[in-house]
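Numbering (my numbering), first residue to last: 175 to 466. Structure record follows, encoded as structure tokens.
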Amino acid sequence: MYRSLSLRDFPKPEIPAIKRSQRLVSSPDRVSSESTDEKWFLRPGARTNDGVRLFCFPCAGYGAAMYRPWINARQILDVYPVQPPGRANRIGEPALASIPDLATRLAKAIAPLTDRPYAFFGHSFGATLAAYTCLELEREGYPVPVHLFLSARHPPNCPSPVPPMSHMSDDDFVSEINTRYGGIPEQILNEPDILAMLLPALRADIRSLELIEGQRVVDIPAPITTFGGLSDSIISADLIDYWQDWTSYGYRRMMFEGDHFFLDNQREALLDEIAETLKYALGDSPRQRLQP
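Below you can see the structure in the form of structure tokens.
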């Protein structure tokens, strides 16, 4: 059921003192040439915005386009849809079947954009990628997100409720994806050539999730809000709640009407929740907390 909590039930995070000096400023001399490559973010029509940068990580096989309706949707949100390799404008690049490797590369692209408060939203595969990217940014000494929003996914330390499928034949793989998640649109299924172009990235993303299953719990230095669909047949609220072991900075869960892709029909309510949570988080700004 929907579990509603007041924002005041959510503790404001304190940045550990040992890391404060590292997080005040990003180091330009440590930024690689890849980090300034705009291929990682697609923001068509984005208006100038000094709000919280919200990096949005797509689900398996998808790209930045799934978050196009989020751009300019809320004044407080400066949305940066993430475009991993192997899809859309990056179809010529090989998809990476390793979440740690992808997080390392993505962190380099995000690092120059950590000069003001930012947050992560990730759906399904994107939730796990968001968590690992946050950990990589912390490891490199960059400012961490003020908040993580993780949707429709359990963390790697939680045993998967379903068996591996990345090894399956194309036909069986597509059938299993749609049985579990309903994630491939009918119009794509009816276009074999297009489907063949999309499958490598989808398979690589699923494989990367399978490879990190059983990984130990890691403490994420930011509060976490999780979201789920009440009719999701695979990812239950109990599985989602394993994320609470990944942070000591505050955790809560909210469930919405809908299935694994509840965010399609619940976009407005979801964006409202994200915006309100970030307004509260910024009431005690990260920059103020970083002062000695």
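Glycine included, each C-beta is placed from N, C-alpha and C at the ideal position. Please read all numbers here as calculations on a predicted model, not as lab measurements.
Counting only beta-carbon atoms, is residue i nearer than 8 Å to chain B?
{"i": "Gln361", "result": "Although the question refers to chain B, the structure presented lacks it and comprises just one protein chain."}
Name the two residues that bound the continuous alpha helix (DSSP H) containing residue i.
{"i": "Cys308", "result": "Phe299 to Arg313"}
{"i": "Pro366", "result": "Pro366 to Leu385"}
Is residue i helix, strand or coil when you go by DSSP?
{"i": "Gly356", "result": "coil"}
{"i": "Val318", "result": "coil"}
{"i": "Ala293", "result": "strand"}
{"i": "Gly237", "result": "coil"}
{"i": "Ile398", "result": "strand"}
{"i": "Val555", "result": "No information on residue 555 is available, as it lies outside the stretch 175 to 466 that the chain covers here."}
{"i": "Gly457", "result": "helix"}
{"i": "Pro286", "result": "helix"}
{"i": "Leu324", "result": "strand"}
{"i": "Asp436", "result": "According to the sequence shown, residue 436 is Phe rather than Asp. Correct three-state label for Phe436: helix."}
{"i": "Phe215", "result": "strand"}
{"i": "Thr278", "result": "helix"}
{"i": "Gly260", "result": "coil"}
{"i": "Asn223", "result": "coil"}
{"i": "Pro337", "result": "coil"}
How would you label residue i, buried or exposed, when you count the other beta carbons within 10 angstroms and need 16 or more for buried?
{"i": "Ile368", "result": "exposed"}
{"i": "Thr210", "result": "Legend: pLDDT at Thr210 = 43, less than 50; position of this residue unreliable, value from coordinates given subsequently. Result: exposed."}
{"i": "Val226", "result": "buried"}
{"i": "Gln249", "result": "exposed"}
{"i": "Asp412", "result": "exposed"}
{"i": "Gln361", "result": "exposed"}
{"i": "His341", "result": "exposed"}
{"i": "Gly219", "result": "exposed"}
{"i": "Ala304", "result": "buried"}
{"i": "Val336", "result": "exposed"}
{"i": "Gly457", "result": "exposed"}
{"i": "Thr399", "result": "buried"}
{"i": "Leu363", "result": "exposed"}
{"i": "Arg221", "result": "exposed"}
{"i": "Gly300", "result": "buried"}
{"i": "Gly266", "result": "exposed"}
{"i": "Arg377", "result": "buried"}
{"i": "Arg381", "result": "buried"}
{"i": "Thr307", "result": "buried"}
In the DSSP assignment, find the unbroken beta strand (DSSP E) run with residue i in it and report its ends.
{"i": "Arg427", "result": "Tyr425 to Phe430"}
{"i": "Arg227", "result": "Val226 to Phe231"}
{"i": "Ile414", "result": "Premise fails: Ile414 lies in the alpha helix (DSSP H), Ala411 to Ile414, not in any beta strand (DSSP E)."}
{"i": "Leu251", "result": "Leu251 to Pro255"}
I think residue i touches residue j, with their Cβ atoms under 8 Å apart; what is that distance to the nearest whole Å?
{"i": "Val320", "j": "Leu452", "result": "7 Å"}
{"i": "Pro255", "j": "Cys233", "result": "With 8 Å as the limit, Pro255 and Cys233 do not qualify as a contact, their Cβ atoms being about 12 Å apart."}
{"i": "Thr302", "j": "Pro330", "result": "7 Å"}
{"i": "Phe323", "j": "Phe430", "result": "That belief does not hold up - the Cβ atoms of Phe323 and Phe430 are roughly 13 Å apart, past 8 Å."}
{"i": "Asp379", "j": "Ala269", "result": "7 Å"}
{"i": "Ala326", "j": "His297", "result": "6 Å"}
{"i": "Glu310", "j": "Ala271", "result": "With 8 Å as the limit, Glu310 and Ala271 do not qualify as a contact, their Cβ atoms being about 17 Å apart."}
{"i": "Asp393", "j": "Trp417", "result": "About 12 Å; that fails the 8 Å criterion."}
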